[in-house]
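Right, one structure below, let's go through it.
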Amino acid sequence: MPEPDSLAVVAHHFYGEALGVADIDANLLTVNSSIVLTMDWDPLEFVRDYKFGDAANYMDIFNNVLTMTSDGCNVQALTCRQYLMQKWPANGTTILAAVGQDMLRGNIKVEASDYTIHWRKQPGKWRFWISGFIHTVVEFIRQLVWMGSVLRPSPEKGVLYRSYPKCELSIQSEQIAASKILDLAKTNSLYYTVTYSLEVVEPSINEGTCWQPLFQYPIMAYRPPIARRADSYQD
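Quick note: our numbering has the sequence shown finishing at residue 238, numbered continuously throughout.
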């Protein structure tokens with residue numbers, strides 16, 4: 004990441020750009036806005052590249068098979084669904100369910116009272132249009148960028164990699180391409196492009212070498228959103 008917490012930087016920038024103010028007033032968070040997000044992410048590639056035993060379908064993989072941990076020193080042992088619900092209890096499974104159920108179709112729309120999400124799949128990337136209350140839009144951005152960081156193939160079996168997302172304003176050609184793919188009319192949306200880089204994490208006591216052998220292809224998201232398992236968590 005170019006910043007200590009690029010998700011926070013993007014969120015703050017989006018708030019400022021969308022609202023046209025430097026300081027965010029809580030009363031402004033119900034203002035409607037929208038964003039177009041182009042992500043270097045293909046979850047279908049992820050599930051195809053790994054062996055998930057007797058998993059019946061994509062949702063079975065995410066709900067019952069895929070295991071996540073909170074950081075380099077602890078094994079949290081939660082499924083992807085549980086992990087998302089811990090951080091985003093209001094909508095943590097919304098996108099996950101759509102990804103699992105409609106991954107092959109690649110033309111998905113989810114609507115609720117305070118947001119609309121439409122996305123299209125292309126080879127190696129997904130494009131999202133998210134519209135709604137600005138605080139809801141920003142939370143979906145955080146969730147998507149994080150999911151793109153951890154749900155991706157690692158290059159080498161048995162080697163720990165750390166995934167770094169980078170969020171930037173899209174160049175004009177990307178904006179035009181995204182608008183065309185998503186079939187958007189003239190819009191005042193902000194356009195962001197998210198890319199990722201992977202770096203090998205050298206074994207050390209601080210990176211939890213005791214748990215690494217439990218994972219075939221371990222990937223660690225830089226600054227994951229959950230510091231530790233919540234004592235009161237219940238599925």
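All residues carry an ideal CB built from backbone N, CA and C; glycine is no exception. None of the values given here were measured: they were computed from a predicted structure.
Mapping DSSP to helix, strand and coil, what is N60?
-> Coil, per DSSP.
Would you kindly check if the distance between the Cβ of N66 and the Cβ of C83 is under 9 Å?
-> With a cutoff of 9 Å on beta-carbon distance, C83 and N66 are scored as near each other.
Using the C-alpha atoms, what's the distance from V68 back to A25?
-> Note that A25 scores a pLDDT of 49, beneath 50, so its modelled location is shaky and nothing firm can be said.
Measure the C-alpha to C-alpha separation of W122 and R130 and round it to an integer number of angstroms.
-> Rounded to whole angstroms, W122 to R130 spans 5 Å at the Cα level.
At least three beta-carbon pairs within less than 8 Å, the region 36-50 to the region 148-155 = Contact holds: three or more Cβ-Cβ distances are below 8 Å.
Of all the CB atoms in chain B, is at least one closer than 9 Å to the CB of S37?
-> Annotation note: the requested chain B is absent from the structure, which comprises a single protein chain.
In whole angstroms, what is the alpha-carbon distance linking T139 and Y195?
-> Approximately 17 Å, taken between the alpha carbons.
Coil, strand or helix - A181 by DSSP | Looking at A181 - three-state DSSP - the assignment turns out to be helix.
Please classify V24: does DSSP put it in a helix, a strand, or coil?
-> Interpretation of V24 is limited by its pLDDT of 48, a score under 50 that renders its predicted location unreliable; no figure is taken from the coordinates.
Which partner residues does V203 have in the DSSP bridge list?
-> Bridge partners of V203 according to DSSP: Y164.
Short check: CB of E48 to CB of G127, under 9 Å?
-> Judged by their CB atoms, E48 and G127 are nearer to each other than the 9 Å cut-off.
By the 10 Å Cβ neighbour count, where 16 or more other Cβ atoms means buried, how is G161 classified, buried or exposed?
-> Counting Cβ neighbours within 10 Å, G161 comes out exposed, since fewer than 16 surround it.
Rank P46, S200, V141 by C-alpha distance to the C-alpha of P168 and give the top, closest one.
-> For the residues P46, S200, V141, the minimum Cα distance to P168 belongs to S200.
Proximal residues to V113 (C-beta, below 7 Å), its chain only, five neighbours per side dropped | Around V113, the same chain offers T97, A101, I120 as residues with beta carbons nearer than 7 Å, after the five sequence neighbours per side are excluded.
When the distance is taken between beta carbons, is L81 closer than 9 Å to L99?
-> Going by C-beta atoms, L99 is not nearer than 9 Å to L81.
Cβ shell of S173 (< 8 Å), same chain only, five flanking positions each side left out = Beyond the five residues adjoining it in sequence on each side, S173 comes within less than 8 Å, by CB distance, of V39, T41, A181, Y194, Y195, T196 in the same chain, given in chain order.
Which class does V39 belong to by DSSP, given the choice of helix, strand or coil?
-> When DSSP states are grouped into helix, strand and coil, V39 belongs to the strand group.
Put Y194 into one of helix, strand or coil per three-state DSSP.
-> DSSP places Y194 in the strand class (E or B) of the three-state scheme.
Can you say whether I137 is buried or exposed, counting buried as having 16 or more other CB atoms within 10 angstroms of its CB?
-> The residue in question, I137, is buried, as its Cβ has 16 or more Cβ neighbours within 10 Å.
When Q125, K54, F55, E159 are compared against V203, the one with the closest alpha-carbon | Closest option to V203, Cα to Cα, is E159.
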